[in-house]
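Quick note on my numbering: the sequence shown kicks off at 559 and runs consecutively.
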Amino acid sequence: MGPYDNELGMHVESDEWMDGQWLADDDGSLYIIPIDGDGVEGPDDDVAAAILKDLRVSGEDEITEDRAAELGLTIVAPSLRRFDADTGYHTA
Numbered sequence: 559m560g561p562y563d564n565e566l567g568m569h570v571e572s573d574e575w576m577d578g579q580w581l582a583d584d585d586g587s588l589y590i591i592p593i594d595g596d597g598v599e600g601p602d603d604d605v606a607a608a609i610l611k612d613l614r615v616s617g618e619d620e621i622t623e624d625r626a627a628e629l630g631l632t633i634v635a636p637s638l639r640r641f642d643a644d645t646g647y648h649t650a
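Pasting the structure below:
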């Protein structure tokens with residue numbers, strides 16, 4: 559889900575998330591690394607933990623395409639990224 563705006567009372571689209579690195583697995587789970595470097599949005603699982611560890615160790619804002627493949631992920635092209643304002647969910 560997108561960030562929650564308390565004043566609006568809804569989830570909103572965020573440039574930090576839309577312009578971050580998006581990764582998807584074969585099951586359709588989506589992992590988003592926001593450009594502000596604030597963790598990983600997506601399932602709370604071993605893959606997200608591995609992404610966070612890689613980011614901390616490397617000091618980078620993104621993981622490499624090779625590392626994504628090792629984790630069973632593909633990088634989502636910007637043209638495939640969507641935010642559904644009605645549900646508050648990001649989709650690819």
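Here a beta-carbon is modelled for each residue, glycine too, at the ideal position from N, C-alpha and C.
In this text the structure is predicted, and so the values were computed from the model without any measurement.
- A contact between stretches requires three or more CB pairs, one per stretch, nearer than 8 Å, and the segment 625-632 fails this requirement with the segment 571-578.
- Bounds of the alpha helix (DSSP H) holding Asp573 are 573-576.
- The Cβ neighbour count for Glu599, taken over all protein chains shown within 10 Å, is at least 16; the residue is labelled buried.
- When the five nearest sequence neighbours on each side are left out, the beta carbons in the same chain lying within less than 6 Å of the beta carbon of Pro592 are those of Glu574, Trp575, Gly578, in order along the chain.
- Excluding its 5 nearest sequence neighbours in each direction, Ile609 has C-beta neighbours in its own chain below 8 Å: Leu581, Tyr589, Ile591, Val598, Ile621, Leu629, listed in chain order.
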